[in-house]
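K.L.:
Just passing along the structure, written as structure tokens.
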Amino acid sequence: VNPQAKLICTISLLLGTTITLSSNHWVLAWTGLEINTLAILPLIAKSHHPRSIEAATKYFLTQAAASALILFSSMTNAWHTGQWDITQLTCPTSCLILTTAIAMKLGLVPFHFWFPEVLQGCSLTTGLLLSTAMKLPPITLFYMTSQSLNHAPMVTMAILSAALGGWMGLNQTQTRKILAFSSISHLGWMSIILIYNPKLAMLNFYLYVLITAAVFLTLNSIKTLNLSTLMTTWAKTPALSAMLMLTLLSLAGLPPLTGFLPKWLIIQELTKQDMASAAVIMALLSLLSLFFYLRLAYCATITLPPHTTNHMKQWRTNKPVSPLVATLVTMSIILLPISPTILT
1 VNPQAKLICT ISLLLGTTIT LSSNHWVLAW TGLEINTLAI LPLIAKSHHP
51 RSIEAATKYF LTQAAASALI LFSSMTNAWH TGQWDITQLT CPTSCLILTT
101 AIAMKLGLVP FHFWFPEVLQ GCSLTTGLLL STAMKLPPIT LFYMTSQSLN
151 HAPMVTMAIL SAALGGWMGL NQTQTRKILA FSSISHLGWM SIILIYNPKL
201 AMLNFYLYVL ITAAVFLTLN SIKTLNLSTL MTTWAKTPAL SAMLMLTLLS
251 LAGLPPLTGF LPKWLIIQEL TKQDMASAAV IMALLSLLSL FFYLRLAYCA
301 TITLPPHTTN HMKQWRTNKP VSPLVATLVT MSIILLPISP TILT
């Protein structure tokens, strides 16, 4: 993609996200989502590889269907109540359609099938955008309508997402697919708490974005797309591999790393809401995803490759690591001590 086109796409992404975040009217929010979808498509399809074209097509079809459902839900609500205000979603049918539409936009189970495929078909930087920035507008719409949402479908989708996100990631060897399933299971954690404490869901989202950005950018700087390449990185960049291991463990939610903070607060809040059984189920399901994070961490730091590696050795390609990666990695490891300030 030439620089001008990339600049236009980036500005459009910022514009679309800003429109959705600042709108109070359903049609404006929908417009922002559409601008976002159209702006990311060239970035997904930029390599002209059949797989990336397929990923762009899948992404376009699912997002178009979800956008149509959002428009349909807001029209149904306006038909019943005469309101186009996002926060005044009172018609039960509209709430159900909207929950389905946003779950489809985010990739929550059972509307998750497109997400790993799309992520596998694009580059790591575009994958980072899809996993973080593109999830902000739909999550914000969930946040604004959280008072109206139906509890049963949200909790069901959340538990299914945590289960399938962990279970389907177990057998993967491609780092992008593993990160896609990791994203699905994290979305499960956000969805289960969204209806009880929306601010906590947003905190979880921000910390997830921080840690995922650190992982994606680290993988991008060591040019790693699968586990067999990850095994050879320790010899080239030991410090970066060690940091990657800690960041992955933070993404898994192990104390004393940053990623433990949202899990701890969510389990605490669920217990306060008399949902101890849901809290136990979510905690046990996080063991599934912990397994594949541990495997990634193990491959990055402990394993040594066989003497005849089956990929091209990259000699003298160790570029200096950008300050952004260093900052993100540091924050995704040491932010747990700020928890008292969040709790008060």
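Count the sequence shown with UniProt numbering and you get residues 1 to 344, in order.
Where a beta carbon is used, it is the ideal one built from N, C-alpha and C, also for glycine.
Alpha carbon to alpha carbon, how far is P42 from Q268? Give it in angstroms, no decimals.
P.N.:
Distance between the alpha carbons of Q268 and P42: 42 Å.
K.L.:
Determine, using beta carbons only, whether L251 and I211 come nearer to each other than 8 Å.
P.N.:
Cβ atoms of L251 and I211: closer than 8 Å.
K.L.:
Report all residues from its chain with a CB closer than 7 Å to the CB of I102; omit the five preceding and five following residues, and keep chain order.
P.N.:
Around I102: P138, L141 and F142.
K.L.:
Determine the direct distance from the alpha carbon of F260 to that of G166, and round the result to whole angstroms.
P.N.:
Rounded to whole angstroms, G166 to F260 spans 17 Å at the Cα level.
K.L.:
Closest to V155 by CA distance: which of H25, M275 and L124 is it?
P.N.:
If we check each option's Cα against that of V155, M275 comes out closest.
K.L.:
Expressed to the nearest angstrom, what Euclidean distance is found between the alpha-carbon atoms of M75 and I97?
P.N.:
One C-alpha to the other measures close to 11 Å.
K.L.:
Please report the residue range of the alpha helix (DSSP H) in which F205 lies.
P.N.:
Its alpha helix (DSSP H) spans residues P198 to S221.
K.L.:
Alpha carbon to alpha carbon, how far is V329 from M104? Give it in angstroms, no decimals.
P.N.:
So the two alpha carbons sit approximately 30 Å from each other.
K.L.:
What does a CB cutoff of less than 6 Å around A55 pick up in its chain, not counting 5 residues either side in sequence?
P.N.:
Closer than 6 Å at Cβ, skipping near neighbours: I44, V118, G121 and C122.
K.L.:
Check whether the region 63 to 74 touches the region 24 to 35, counting contact only when three or more Cβ pairs, one atom from each stretch, lie closer than 8 Å.
P.N.:
With the cut-off at 8 Å, the region 63 to 74 and the region 24 to 35 touch.
K.L.:
Tell me, please, whether the region 177 to 193 touches the region 270 to 289 by the rule of three or more beta-carbon pairs shorter than 8 Å.
P.N.:
Yes, they touch.
K.L.:
Restricting to Cα atoms, I'd like to know which of A163, T125, A66 and H186 is closest to L217.
P.N.:
The shortest C-alpha separation from L217 is found at T125.
K.L.:
From which residue to which residue does the alpha helix (DSSP H) around V325 run?
P.N.:
Taken as a continuous stretch (DSSP letters only), the alpha helix (DSSP H) holding V325 covers P323 to I334.
K.L.:
Could you give the residue range of the alpha helix (DSSP H) that holds A133?
P.N.:
No alpha helix (DSSP H) contains A133, which DSSP labels as neither H nor E.
K.L.:
Can you check which of these residues, H25, H48, I8 and P50, is closest to I40 by C-alpha distance?
P.N.:
For the residues H25, H48, I8 and P50, the minimum Cα distance to I40 belongs to I8.
K.L.:
Checking the sheet assignment: what are the DSSP bridge partners for Q174?
P.N.:
Beta-bridge pairing links Q174 to N226.
K.L.:
Residues bridged to H25 by DSSP?
P.N.:
Paired residues: D85.
K.L.:
Determine the direct distance from the alpha carbon of V325 to that of T57, and round the result to whole angstroms.
P.N.:
One C-alpha to the other measures close to 31 Å.
K.L.:
For W26, does the count of other Cβ atoms within 10 angstroms reach 16, so buried, or fall short, so exposed?
P.N.:
Looking at its Cβ environment, which holds 16 or more other Cβ atoms inside 10 Å, W26 is buried.
K.L.:
Do the region 168 to 175 and the region 80 to 92 meet, that is, are 3 or more Cβ pairs less than 8 Å apart?
P.N.:
No, they do not touch.
K.L.:
So, under 8 Å CB-CB, S241 and P198 are touching, yes? Tell me the CB distance rounded to an integer number of Å.
P.N.:
About 37 Å; that fails the 8 Å criterion.
K.L.:
Apart from the five residues just before and just after L230, which ones in its own chain have a Cβ nearer than 6 Å to its Cβ?
P.N.:
So the qualifying residues of the chain are T224, C299 and A300.
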